[in-house]
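A.B. asks: Sharing a structure, written as structure tokens. Questions coming.
Number of protein chains: 2
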Amino acid sequence: MVVGSADAATDRALRALADPTRRDILRVTLVRPLSVSALARRYPMSFAAVHKHVSVLEDAGLVTKRRRGRESLVHGEIDRVRAVRAALDALEQVWRDRVARMDRILAEDPDEGAPDAHHQR
Amino acid sequence: MVVGSADAATDRALRALADPTRRDILRVTLVRPLSVSALARRYPMSFAAVHKHVSVLEDAGLVTKRRRGRESLVHGEIDRVRAVRAALDALEQVWRDRVARMDRILAEDPDEGAPDAHHQR
DNA sequence: TAAATCTACAACCAGATGGTTGTAGGTTCT
DNA sequence: AGAACCTACAACCATCTGGTTGTAGATTTA
Chain A
-1 MVVGSADAAT
9 DRALRALADP
19 TRRDILRVTL
29 VRPLSVSALA
39 RRYPMSFAAV
49 HKHVSVLEDA
59 GLVTKRRRGR
69 ESLVHGEIDR
79 VRAVRAALDA
89 LEQVWRDRVA
99 RMDRILAEDP
109 DEGAPDAHHQ
119 R
Chain B
-1 MVVGSADAAT
9 DRALRALADP
19 TRRDILRVTL
29 VRPLSVSALA
39 RRYPMSFAAV
49 HKHVSVLEDA
59 GLVTKRRRGR
69 ESLVHGEIDR
79 VRAVRAALDA
89 LEQVWRDRVA
99 RMDRILAEDP
109 DEGAPDAHHQ
119 R
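Protein sequence lines correspond, in order, to chains A and B. For the first sequence, position 82 (counting from the first letter as 1) is numbered 80 according to our numbering, and the numbering increases by one without interruption. For the second sequence, position 4 (counting from the first letter as 1) is numbered 2 according to our numbering, and the numbering increases by one without interruption.
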């Protein structure tokens, strides 16, 4: 809880990304789908451990699984990556607004009609 | 440990961001510096708890503290936010290049599961 | 059919996390 | 000087996390 609205989805996604193995799984499955077993062979840990990592990514919406015969293929979900990026962009926007506000105050800009906007990237 | 090891900083930053209280602290201190006590008054938890959250953000490089008399002012560090965003952009870039990468991977290693252990990075 | 493979989940364990209270020392205000 | 305030850290606690092994069922292959 804490801090009112707080999107739990963002929490889960950021937390899921805060692990190098999971980031690698996502990186690889963004390129092409792989089975959990195929993924497990890439890392120095048990199948069960990799299976858990995939579950964490799945709960965060960063990957999806599609059953194909006896194996289930893990697909990276670029849209969720973009959603996380958007959360960071929001922080950047907060910072930018603060700079714009400072600029207005310090410059005592005679141009009242154009709110901020004179700040590029 | 596991895998890369080069991106422990990214780990710490993403982990630090995966908490709504900490994201709010960062949001607020990106606008203007606040003392730890001033921050603590904004959240329904003890000073010590907020102090710990600030420490996590500080270890991640997302905020810095500057002593001002008896209080220490917490400043949000936009550059670190941008560094995290860059890590996500790298994932997006992987996705954009997926066709080319897939071609290369399949050319090198036609076997689906790839029993070898090629580590990334 | 039998063996091999793949997924899934349970039980267990050590260490990290997120909160608490308490204590101590430095700085500012009367 | 003394009170009030702020930071810092230690000890403690419950829960979560990231790994392990073991087991079971479904599907594919020999």
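Backbone N, C-alpha and C define an ideal beta-carbon position, used for all residues, glycine too.
1) Expressed to the nearest angstrom, what Euclidean distance is found between the alpha-carbon atoms of Glu90(B) and Val79(A)?
2) Show which residues of chain A have a CB atom less than 7 angstroms away from the CB atom of Ala16(B).
3) Quick one, which of Leu104(A), Arg102(A), Ile103(A) and Val92(A) has its alpha-carbon nearest Val26(B)'s?
4) With distances taken Cα to Cα, identify the nearest neighbour of Arg39(B) among Thr19(B), Val54(B), Glu56(B) and Ser53(B).
5) Could you please give me the residues that DSSP links to Val72(A) through a beta bridge?
6) Does DSSP put Met100(A) in a helix, a strand or coil?
7) Enumerate in chain order the residues of its own chain whose CB-to-CB distance from Leu55(A) is below 7 angstroms, with the five nearest sequence positions on each side excluded.
8) Expressed to the nearest angstrom, what Euclidean distance is found between the alpha-carbon atoms of Ala84(B) and Glu69(B)?
9) Determine the chain B residues that contact Leu104(A) at a beta-carbon separation under 9 angstroms, and present them in chain order.
10) Apply the 10 Å Cβ neighbour rule to Ala46(A) and answer buried if 16 or more other Cβ atoms are within range, or exposed otherwise.
11) Just how far apart, CA to CA, sit Ala6(B) and Ser53(B)?
12) If you check the beta carbons only, do Leu37(A) and Val48(A) fall under 8 angstroms apart?
13) Are the beta-carbon atoms belonging to Val72(A) and Leu12(A) less than 8 angstroms from one another?
14) Ends of the alpha helix (DSSP H) at Asp9(B)?
15) In three-state terms, what does DSSP make of Ser44(B)?
16) For a cutoff of 8 angstroms on Cβ pairs, would you count Arg96(A) as touching chain B?
17) Reducing DSSP to helix, strand and coil, say where Val26(B) ends up.
18) Go ahead and label Ala88(A) buried or exposed: buried means 16 or more other beta carbons lie within 10 angstroms of its beta carbon, across all protein chains shown.
19) Could you check whether the Cβ of Leu32(B) sits closer than 8 angstroms to any Cβ belonging to chain A?
20) Please list the partners that Phe90(A) has in chain B, where partner means a Cβ-to-Cβ separation under 9 angstroms.
C.D. replies: Put simply:
1) Cα to Cα, the separation comes out at about 7 angstroms.
2) Neighbours of Ala16(B) on chain A, chain order: Asp9, Leu12, Arg13 and Ala16.
3) For the residues Leu104(A), Arg102(A), Ile103(A) and Val92(A), the minimum Cα distance to Val26(B) belongs to Val92(A).
4) Looking at the Cα atoms, Thr19(B) is the closest of the given residues.
5) Listed as beta-bridge partners of Val72(A) by DSSP are Leu32(A) and Lys63(A).
6) Three-state DSSP puts Met100(A) in a helix.
7) The residues are Ala14, Arg20, Ile23, Leu24 and Val61.
8) Distance between the alpha carbons of Ala84(B) and Glu69(B): 33 angstroms.
9) Correct list: empty, because the minimum Cβ distance to chain B is about 14 angstroms.
10) Classification for Ala46(A): exposed.
11) Each residue's alpha carbon lies about 17 angstroms from the other.
12) In terms of Cβ geometry, Leu37(A) and Val48(A) form a close pair [threshold 8 angstroms].
13) In this structure, Leu12(A) does not lie closer than 8 angstroms to Val72(A) by Cβ.
14) It spans Ala6 to Leu15 - the alpha helix (DSSP H) in which Asp9(B) sits, taken as one unbroken run.
15) Coil, per DSSP.
16) At least one CB of chain B lies nearer than 8 angstroms to the CB of Arg96(A).
17) Reduced to three states, the DSSP call for Val26(B) is helix.
18) Per the 10 Å Cβ criterion, exposed.
19) Under the 8 angstroms criterion on CB atoms, Leu32(B) is classed as non-interfacial with respect to chain A.
20) According to the sequence shown, residue 90(A) is Glu rather than Phe. Against chain B, a Cβ distance below 9 angstroms from Glu90(A) picks out Leu28, Ile76, Val79, Arg80 and Arg83.
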